[in-house]
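For the record, the sequence lines run as chains R and V.
Anchor point for the first sequence: position 156 equals 156 in the UniProt record's numbering, and the numbering is continuous, going up by one each time.
Anchor point for the second sequence: position 4 equals 4 in the UniProt record's numbering, and the numbering is continuous, going up by one each time.
Structure, as structure tokens:
Protein chains: 2
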Amino acid sequence: MSLDTAQFLADLDRLRQTGAYRTGVHRPTFGAEDMESRHWLAAAMEAAGLEARIDGIGNVLGRHRGPGPHLLAGSHIETQNQAGWLDGVLGVVAALALARAGLPVDVCAYADEEGHWGDFLGSRSLIGAVDEAELDAARNRHDGRPLREALREAGLAGRERLRLEPGRYKGAFELHIEQGTQLERAGMRIGVVTGIVGIRQWRITVTGQQDHTGGTTMAERRDAGLTAVRLLAALDQAMPMAAGPRSVWTTGRIVLEPNAPQIIPGRAEITFSFRDLSLEVMDRMEDCLRRTVQESNRRERCPAVLEPIGHTAPSPCDPTMRAALREAAEQLCPRAWTEMPSGAIHDSQILARVMPVAMLFVPSIGGISHHWTEDTKREDLALGLKVLAEGARRFLAS
Amino acid sequence: MSLDTAQFLADLDRLRQTGAYRTGVHRPTFGAEDMESRHWLAAAMEAAGLEARIDGIGNVLGRHRGPGPHLLAGSHIETQNQAGWLDGVLGVVAALALARAGLPVDVCAYADEEGHWGDFLGSRSLIGAVDEAELDAARNRHDGRPLREALREAGLAGRERLRLEPGRYKGAFELHIEQGTQLERAGMRIGVVTGIVGIRQWRITVTGQQDHTGGTTMAERRDAGLTAVRLLAALDQAMPMAAGPRSVWTTGRIVLEPNAPQIIPGRAEITFSFRDLSLEVMDRMEDCLRRTVQESNRRERCPAVLEPIGHTAPSPCDPTMRAALREAAEQLCPRAWTEMPSGAIHDSQILARVMPVAMLFVPSIGGISHHWTEDTKREDLALGLKVLAEGARRFLAS
Numbered sequence: 001m002s003l004d005t006a007q008f009l010a011d012l013d014r015l016r017q018t019g020a021y022r023t024g025v026h027r028p029t030f031g032a033e034d035m036e037s038r039h040w041l042a043a044a045m046e047a048a049g050l051e052a053r054i055d056g057i058g059n060v061l062g063r064h065r066g067p068g069p070h071l072l073a074g075s076h077i078e079t080q081n082q083a084g085w086l087d088g089v090l091g092v093v094a095a096l097a098l099a100r101a102g103l104p105v106d107v108c109a110y111a112d113e114e115g116h117w118g119d120f121l122g123s124r125s126l127i128g129a130v131d132e133a134e135l136d137a138a139r140n141r142h143d144g145r146p147l148r149e150a151l152r153e154a155g156l157a158g159r160e161r162l163r164l165e166p167g168r169y170k171g172a173f174e175l176h177i178e179q180g181t182q183l184e185r186a187g188m189r190i191g192v193v194t195g196i197v198g199i200r201q202w203r204i205t206v207t208g209q210q211d212h213t214g215g216t217t218m219a220e221r222r223d224a225g226l227t228a229v230r231l232l233a234a235l236d237q238a239m240p241m242a243a244g245p246r247s248v249w250t251t252g253r254i255v256l257e258p259n260a261p262q263i264i265p266g267r268a269e270i271t272f273s274f275r276d277l278s279l280e281v282m283d284r285m286e287d288c289l290r291r292t293v294q295e296s297n298r299r300e301r302c303p304a305v306l307e308p309i310g311h312t313a314p315s316p317c318d319p320t321m322r323a324a325l326r327e328a329a330e331q332l333c334p335r336a337w338t339e340m341p342s343g344a345i346h347d348s349q350i351l352a353r354v355m356p357v358a359m360l361f362v363p364s365i366g367g368i369s370h371h372w373t374e375d376t377k378r379e380d381l382a383l384g385l386k387v388l389a390e391g392a393r394r395f396l397a398s
Numbered sequence: 001m002s003l004d005t006a007q008f009l010a011d012l013d014r015l016r017q018t019g020a021y022r023t024g025v026h027r028p029t030f031g032a033e034d035m036e037s038r039h040w041l042a043a044a045m046e047a048a049g050l051e052a053r054i055d056g057i058g059n060v061l062g063r064h065r066g067p068g069p070h071l072l073a074g075s076h077i078e079t080q081n082q083a084g085w086l087d088g089v090l091g092v093v094a095a096l097a098l099a100r101a102g103l104p105v106d107v108c109a110y111a112d113e114e115g116h117w118g119d120f121l122g123s124r125s126l127i128g129a130v131d132e133a134e135l136d137a138a139r140n141r142h143d144g145r146p147l148r149e150a151l152r153e154a155g156l157a158g159r160e161r162l163r164l165e166p167g168r169y170k171g172a173f174e175l176h177i178e179q180g181t182q183l184e185r186a187g188m189r190i191g192v193v194t195g196i197v198g199i200r201q202w203r204i205t206v207t208g209q210q211d212h213t214g215g216t217t218m219a220e221r222r223d224a225g226l227t228a229v230r231l232l233a234a235l236d237q238a239m240p241m242a243a244g245p246r247s248v249w250t251t252g253r254i255v256l257e258p259n260a261p262q263i264i265p266g267r268a269e270i271t272f273s274f275r276d277l278s279l280e281v282m283d284r285m286e287d288c289l290r291r292t293v294q295e296s297n298r299r300e301r302c303p304a305v306l307e308p309i310g311h312t313a314p315s316p317c318d319p320t321m322r323a324a325l326r327e328a329a330e331q332l333c334p335r336a337w338t339e340m341p342s343g344a345i346h347d348s349q350i351l352a353r354v355m356p357v358a359m360l361f362v363p364s365i366g367g368i369s370h371h372w373t374e375d376t377k378r379e380d381l382a383l384g385l386k387v388l389a390e391g392a393r394r395f396l397a398s
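Written out as structure tokens, the structure is:
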């Protein structure tokens, strides 16, 4: 295996030019720059000996021409608006470097992971989980433009949507930037991902009685904002007892009505969510949330109603693939790696429905992502590629 | 003293026609209907033997022509938009009934208590607390129209603004609807007001670090929303220990930034206020608030900054005037009256700066006010007038 790190870094620098925005990139899915980068990638795949195709939803799949067992490797190539040069692209270019090094790897850029048009349209299409009606209905999240129109202008209308061949892959790898500060803070250079956390998101609606603050005694009040505050404070006390060591939970949104200084809030709406890698932990956290709301309703004058508004299941990484990556990391950067969950979502969680998956993280400088200042040290990028290649080699040999 | 209750109720019914809106009234200050009601009032004052003038800010003042000691009595005649028929008007028409009954009363409709154009412009002008620059700058709070333009169209431009004659008054009475449910709930028909509460309003700003919920561990977070919740929960625990029996305190407004489900709030802004009749109690509550914020800053990662954004002092009612009203109430509706603070603001708190004041409340059906369904039983309106007149008589004789 001869890994061309210089070519890998040159590829990253090359793609950074397409849609350059300050020191980052603006390359939303199906825009001119995005399509240019997809065509560049297909040509680079062919040059690396792969059989490349761009499919009807924009997936770029380069198939290894030799015998198996095969691996799948990749990530996404489009960016968030005015965002960074590494988010997604890193995993695609690293996969290409693996193929160039002679590993039996199919390389894929899964279309629209960033969700400009939908929810994992590319990777879900590859596993057969997107029907035509969903594409008919899809609109751009920023300007409402129909997806079909964008596909037509991108020259993708009428193309077949590819499906991953059942049984072809021993597993799928994805190298990605961390998009957090855990590696940097711990002085680590590599993160072996234990899995992609699941998310459960909830709406809590508290109903009280809107009144003027001057004329309503404390004993008469039904203050929905105050009940919401007490409920959230109770949740803040209870949740650490139910959560796991890497769980996160967040109240991102509170809306009082009418939200005026001298009016007692008649209604409060809270958006609360939690994430963990373990279904068991998530069930415990959900139980804690339900009991806390129930207790609020036992104590308070203003009833609280709890509703789920979107759940995704956790996607654990494959133990054998993780072991291969751990061994590779210990070989190439001893004691400078750690295991960690991915708090963000990735295409690998879609692929996990049909094959074993594993992910590898490199540090994000200052944890910054989804912003044009996103960056990672070049030596960390190169190390990420090397650990990925060595991990893939070990896994294939296992 | 011969009190014409029938004429008093007829006057209320008459004014209800001007700007009628469903069962209520829409008569914003300086609109055509408002000016019509001011001219009607001036004529009614003259008919009652008073010397009536409408001044340069719309105050309608009817002076008693006989010797003193004099009383001042009145309230406001304009309404909130699409609001009730009694808020303000009751006190003006009752004062007129007192004058008709031969009491030495100057009757006044203080302009714009409802604040369509400013902050107690009429009563403050009468005590010399409004300069021309304030009128130049004043704009309609709904549509931004200059006050000067409205005064011109109302025919008031160039008129002198009247000043209350120093030393002329033994005290000022104001009869008003309660605008709350305390009398109704207690089965009482008359409220003798102990004073108009003071208000201290505050902005609490909590600064944290905006981050994505997925990539930031609980230990790393600086969640401004969570600090705000804990601070408000602490305040909810501490404030009852500092407050008086009739104090109220309210968080009317909470704004998180960016207030998005999957983003850790980087900033939280709270509007908190409290009201009480006692300066000593208000100082204790302020001390409690300051200590709670200080304690939050000792414990939390996200600093909280406390800023005052508007204080009004409490205005206690005059003890001798209160005693006269209590005696009148006990005479006319024994055991069906109570003492209570006014949680809402009234012109009397402005007049209190230059003379003794007292207020009397009649029950509001369902506590409703600032809405066209506002109402009070006719027998309670009549009783309110009788207690006011008897109280005024007793106070004059004291």
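Cβ coordinates follow ideal geometry from the N, Cα and C atoms, glycine included.
If you check the beta carbons only, do residue i and residue j fall under 9 Å apart?
| i | j | result |
| --- | --- | --- |
| L156 (chain V) | F30 (chain V) | yes |
| F173 (chain V) | L232 (chain V) | no |
| E339 (chain R) | G215 (chain V) | no |
| S315 (chain V) | G198 (chain V) | yes |
| P363 (chain R) | T320 (chain R) | no |
| L175 (chain V) | M45 (chain V) | no |
| V206 (chain V) | C302 (chain V) | yes |
| R189 (chain R) | D375 (chain R) | no |
| L126 (chain V) | T194 (chain V) | no |
| A111 (chain R) | G122 (chain R) | yes |
| L98 (chain V) | L61 (chain V) | no |
| Q209 (chain R) | E257 (chain R) | no |
| A313 (chain V) | R267 (chain V) | no |
| A101 (chain R) | M1 (chain R) | yes |
| D236 (chain V) | R230 (chain R) | yes |
Could you tell me which chain A residues have their CB closer than 7 Å to the CB of residue i, listed as they occur along the chain?
| i | result |
| --- | --- |
| Q82 (chain V) | In the displayed structure, chain A is absent; the protein chains listed are R and V. |
Here's the rule: buried if 16 or more other CB atoms are within 10 angstroms of the residue's CB, otherwise exposed. What is residue i?
| i | result |
| --- | --- |
| H64 (chain V) | buried |
| V25 (chain R) | buried |
| T292 (chain V) | buried |
| H116 (chain V) | buried |
| D136 (chain V) | exposed |
| G187 (chain R) | exposed |
| V130 (chain V) | buried |
| residue 402 (chain R) | Nothing about residue 402 (chain R) can be read from this structure; chain R reaches only from 1 to 398. |
| E113 (chain R) | buried |
| M241 (chain R) | exposed |
| G309 (chain R) | Residue 309 (chain R) is actually Ile in this sequence, not Gly. The residue in question, I309 (chain R), is exposed, as its Cβ has fewer than 16 Cβ neighbours within 10 Å. |
| Q349 (chain R) | buried |
| G366 (chain V) | exposed |
| A138 (chain V) | buried |
| A43 (chain V) | exposed |
| Q182 (chain R) | buried |
| H76 (chain R) | buried |
Report the residue ranges of all beta strand (DSSP E) runs contained in full by the region 341-367 of chain V; include only those spanning at least 3 residues, in chain order. Fully enclosed beta strand (DSSP E) runs of 3 or longer: 357-362.
Select from the region 257-286 of chain R all residues with a C-beta closer than 8 Å to any C-beta belonging to chain V, and list them in chain order. Residues of the region 257-286 of chain R with a C-beta less than 8 Å from any C-beta of chain V: N259, A260, P261, Q262, I263, I264, P265, T271, S273 and R275, listed in chain order.
For the region 252-321 of chain V, which segments carrying the alpha helix (DSSP H) assignment without a break, of at least 4 residues, lie completely within its bounds, in sequence order? Those alpha helix (DSSP H) runs which fall completely within the region 252-321 of chain V and span 4+ residues are 279-299.
Give the list of continuous beta strand (DSSP E) stretches no shorter than 3 residues that lie fully inside the region 91-144 of chain V. With a minimum length of 3 residues, the continuous beta strand (DSSP E) runs that stay inside the region 91-144 of chain V are 105-109.
Complete runs of the beta strand (DSSP E) confined to the region 20-47 of chain V [at least 3 residues]: If you keep only unbroken beta strand (DSSP E) runs of at least 3 residues inside the region 20-47 of chain V, you get nothing at all.
Between the region 165-194 of chain V and chain R, which residues of the former have a C-beta closer than 9 Å to a C-beta of the latter? Residues passing the 9 Å Cβ filter: E178, Q179, G180, T181, Q182 and R185.
Is the region 326-334 of chain R in contact with the region 134-154 of chain R, if contact means three or more CB pairs nearer than 8 Å? At 8 Å Cβ cutoff, the stretches do not touch.
Relative to chain R, which residues along the region 205-226 of chain V have a C-beta separation below 9 Å, given in chain order? Flagged, chain order: D211, H212, T213, G214, G215, T216, T217, M218, E220, R221, D223, G225 and L226.
Of the residues that make up the region 334-367 of chain R, which ones have a beta carbon closer than 9 Å to any beta carbon in chain V? Listed by position along the chain: S342, G343, A344, I345, S364 and G367.
Within 8 Å of chain R by C-beta, residues of the region 65-93 of chain V in sequence order: None of the residues of the region 65-93 of chain V has a beta carbon lying less than 8 Å from any beta carbon of chain R.
Counting pairs of beta carbons, one from the region 85-97 of chain R and one from the region 148-155 of chain R, are three or more of them closer than 8 Å? Verdict: no, contact absent.
Any residues in the region 42-67 of chain V with a beta carbon nearer than 7 Å to a beta carbon of chain R? Which ones, in chain order? For the region 42-67 of chain V, the beta-carbon criterion of a distance under 7 Å to any beta-carbon of chain R is satisfied by none of its residues.
To be precise: take each residue of the region 100-122 of chain V, compare its Cβ to all Cβ atoms of chain R, and keep it if any distance is under 7 Å. Which residues remain? Residues: none.
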